[in-house]
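Colleague: Residue numbers for the sequence shown follow my numbering, beginning at 533 and rising by one. Here a beta-carbon is modelled for each residue, glycine too, at the ideal position from N, C-alpha and C. First, the structure itself, so that you have it in front of you.
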Amino acid sequence: MSSLPDMTNASSPALRLLILGGTADANRLAAAVAREPLIDAVLSYAGRTENPRPPPIASRIGGFGGVTGLVNYLREHSIDRVVDATHPFAAQMSAHAVEACALAGVPLLALERAPWERQGGDRWIDVDDIDAAVASLAGAPRRVFLGIGRQNLAVFAAQPQHAYLVRLVDPPRETLPLPNVEIVVARGPFDRAGDLALLKRFGADLVVAKNAGGDAAVAKIEAARDLGLPVVMIRRPFVPERPVVDSVDQVMRWLAHDAAPTERGV
Ligand SMILES: NC(=O)c1ccc[n+]([C@@H]2O[C@H](COP(=O)([O-])OP(=O)(O)OC[C@H]3O[C@@H](n4cnc5c(N)ncnc54)[C@H](OP(=O)(O)O)[C@@H]3O)[C@@H](O)[C@H]2O)c1
Numbered sequence: 533m534s535s536l537p538d539m540t541n542a543s544s545p546a547l548r549l550l551i552l553g554g555t556a557d558a559n560r561l562a563a564a565v566a567r568e569p570l571i572d573a574v575l576s577y578a579g580r581t582e583n584p585r586p587p588p589i590a591s592r593i594g595g596f597g598g599v600t601g602l603v604n605y606l607r608e609h610s611i612d613r614v615v616d617a618t619h620p621f622a623a624q625m626s627a628h629a630v631e632a633c634a635l636a637g638v639p640l641l642a643l644e645r646a647p648w649e650r651q652g653g654d655r656w657i658d659v660d661d662i663d664a665a666v667a668s669l670a671g672a673p674r675r676v677f678l679g680i681g682r683q684n685l686a687v688f689a690a691q692p693q694h695a696y697l698v699r700l701v702d703p704p705r706e707t708l709p710l711p712n713v714e715i716v717v718a719r720g721p722f723d724r725a726g727d728l729a730l731l732k733r734f735g736a737d738l739v740v741a742k743n744a745g746g747d748a749a750v751a752k753i754e755a756a757r758d759l760g761l762p763v764v765m766i767r768r769p770f771v772p773e774r775p776v777v778d779s780v781d782q783v784m785r786w787l788a789h790d791a792a793p794t795e796r797g798v
């Protein structure tokens with residue numbers, strides 16, 4: 533990991549960092565900052581997962597209450613920096629972070645993996661959003677792996693003719709409105725061999741995925757490639773412009789240097 537040259541003076545006050553989490557990358561960043569005594573960090577969860585892995589740093593759970601709530605939180609907790617390490621599809625939280633950090637004058641950096649790119653052997657059907665993914669399933673019954681998490685499942689009730697396989701971190705709290713569904717409860721990261729076995733066992737002939745990027749959720753894409761299955765690939769939603777890096781090391785370097793509130797292109 534990178535050293536923190538501006539924070540080696542034991543008399544300097546700790547840097548107060550807010551990490552917006554809910555991803556494997558946020559957990560990796562939390563592990564890295566936990567080793568830095570001059571960073572006082574808190575990891576924020578939305579509260580969607582019932583038993584998140586206990587983080588190695590302080591944590592908080594639940595929404596802030598919109599942009600105003602986040603501005604208040606930043607001020608009340610004297611936050612010096614924010615790292616948005618939310619999922620690329622958590623577009624509302626990311627937009628709020630851009631606006632709140634600008635209002636509070638707190639430097640913001642996003643930790644986000646590049647989207648997956650189509651490779652030889654991939655049979656992707658690119659769609660713009662969840663509704664387009666649902667529409668793309670019109671037609672004869674198929675066996676569909678929905679690898680999109682818990683939210684947005686109900687809309688697939690509009691295509692009830694399919695047999696669905698759904699993988700979730702927690703067992704669903706309510707019955708899913710899908711007449712023919714199998715649920716697998718499992719927590720990532722997932723591996724290619726495991727996802728290959730899962731798709732084969734279910735007899736999947738189609739995969740629906742969000743273009744998350746990174747390695748934590750790519751196994752299903754690789755497994756679909758191995759089996760020659762089509763993937764309905766949902767493009768990322770719009771997020772307002774902000775500085776973005778794609779590795780924990782780059783975040784650590786940013787934390788080690790002064791960042792002006794208006795800093796761009798880190
Ligand atoms: N969307 C996905 O596909 C996906 C996949 C994997 C993990 N996740 C994780 O699940 C969480 C929720 O995702 P989402 O798509 O529901 O988000 P979202 O639609 O962008 O956010 C909805 C609201 O949830 C609250 N929120 C979201 N992330 C938060 C965080 N890290 N800490 C505190 N509050 C948070 C905020 O409430 P207030 O306005 O009240 O502040 C936000 O306005 C995120 O932490 C994300 O990283 C999402």
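Distance, Cα to Cα, A556 vs R613?
Modeller: So the two alpha carbons sit approximately 20 Å from each other.
Colleague: Leaving out five residues before and five after R581 in sequence, what residues of the same chain have Cβ atoms less than 8 Å from its Cβ?
Modeller: Sequence check: residue 581 is Thr here, not Arg. Excluding positions up to five away in sequence, the list reads G554, V701 and D702.
Colleague: Return the chain-ordered list of same chain residues with a C-beta closer than 8 Å to the C-beta of V666, the five sequence neighbours on each side being excluded.
Modeller: Only V687, F688, A690 and Q691 meet the Cβ criterion.
Colleague: Tell me which residue opens and which closes the alpha helix (DSSP H) that G598 is part of.
Modeller: Element bounds for G598: G598 to E608.
Colleague: Check for me: the alpha helix (DSSP H) holding L759 runs from which residue to which?
Modeller: L759 -> alpha helix (DSSP H) spans A751 to L759.
Colleague: Please go through the same chain and pick out, in chain order, the residues whose beta-carbon is closer than 8 Å to the beta-carbon of G797, but skip the five residues on each side of it.
Modeller: Note that G797 scores 37 on pLDDT, short of 50, meaning its location in the model is unreliable and no value can be drawn from it.
Colleague: Could you give the distance in angstroms between the alpha-carbon of A622 and the alpha-carbon of G745?
Modeller: Whole-angstrom Cα-Cα distance: 14 Å.
Colleague: Do you know offhand how far G679's Cα is from D658's?
Modeller: The alpha-carbon atoms of G679 and D658 are separated by roughly 15 Å.
Colleague: Might you give, ordered along the chain, the residues of its own chain that have their beta carbon closer than 8 Å to the beta carbon of D727, omitting 5 neighbours on each side?
Modeller: Cβ within range, chain order: A751, K752, E754 and A755.
Colleague: With three or more beta-carbon pairs closer than 8 Å as the criterion, would you say the stretch 763-778 touches the stretch 632-645?
Modeller: Yes: the two stretches touch, three or more of their Cβ pairs being nearer than 8 Å.
Colleague: Ignoring anything shorter than 3 residues or poking outside the stretch 664-723, list the beta strand (DSSP E) runs there in chain order.
Modeller: Entirely contained in the stretch 664-723, the beta strand (DSSP E) runs reaching 3 residues are, in chain order, 675-679, 695-700 and 713-717.
Colleague: When DSSP labels each residue in this structure, what does A736 get in the three-state scheme?
Modeller: Of the three classes helix, strand and coil, the one that applies to A736 here is coil, per DSSP.
Colleague: Taking 7 Å as the cut-off, is the C-beta of T555 nearer than that to any heavy atom in ligand 1?
Modeller: Yes, the beta carbon of T555 sits closer than 7 Å to at least one heavy atom of ligand 1.
Colleague: So, is T707 buried or exposed, given that buried needs 16 or more other C-beta atoms within 10 angstroms?
Modeller: Exposed, because fewer than 16 other Cβ atoms sit within 10 Å of the Cβ of T707.
Colleague: Could you check if K752 belongs to the surroundings of ligand 1, using beta carbon to heavy atom distance under 7 Å?
Modeller: No, the Cβ of K752 stays beyond 7 Å of every heavy atom of ligand 1.
Colleague: For ligand 1, is there a heavy atom less than 7 Å away from the beta-carbon of A562?
Modeller: Checking every heavy atom of ligand 1 against the Cβ of A562, none is found closer than 7 Å.
Colleague: Taking one C-beta from the stretch 723-738 and one from the stretch 594-608 each time, how about it: are there three or more such pairs within less than 8 Å?
Modeller: No, they do not touch.
Colleague: Leaving aside the five residues before and after N684 along the sequence, list all residues of the same chain whose C-beta is less than 6 Å from its C-beta, in chain order.
Modeller: These residues qualify, in order along the chain: I662.
Colleague: Would you tell me roughly how many angstroms separate the C-alpha atoms of R675 and I715, rounded to the nearest one?
Modeller: Spanning the two alpha carbons is a distance of roughly 13 Å.
Colleague: Pull up the distance between the alpha-carbon of I551 and that of P639, whole angstroms please.
Modeller: Distance between the alpha carbons of I551 and P639: 12 Å.
Colleague: Given a cut-off of 8 Å, decide if H694 and P709 are closer than it, judged by their beta-carbon atoms.
Modeller: No.
Colleague: Roughly how many angstroms lie between the CA atoms of M784 and L547, to the nearest whole one?
Modeller: Going from the Cα of M784 to the Cα of L547 covers about 12 Å.
Colleague: Quick one: what's got a C-beta closer than 6 Å to A558's C-beta in the same chain, skipping five residues either side?
Modeller: I551 and A617, listed in sequence order.
Colleague: Taking 7 Å as the cut-off, is the beta-carbon of L552 closer than that to any non-hydrogen atom of ligand 1?
Modeller: Result yes, Cβ under 7 Å from ligand 1.
Colleague: Given a cut-off of 8 Å, decide if R705 and N743 are closer than it, judged by their beta-carbon atoms.
Modeller: No, the pair does not count as a contact, with Cβ atoms beyond the cut-off.
Colleague: Starting from A634, trace the alpha helix (DSSP H) both ways and give me its first and last residue.
Modeller: Segment A623 to A636, the alpha helix (DSSP H) holding A634.
Colleague: Are there any heavy atoms of ligand 3 lying less than 7 Å away from the beta-carbon of H789, as far as the coordinates show?
Modeller: Looking at this structure, you won't find ligand 3 anywhere; what it does contain is ligand 1.
Colleague: Say yes only if the C-beta of F621 is nearer than 7 Å to one or more non-hydrogen atoms of ligand 1, and no if none qualify.
Modeller: For ligand 1, at least one heavy atom lies less than 7 Å from the Cβ of F621.
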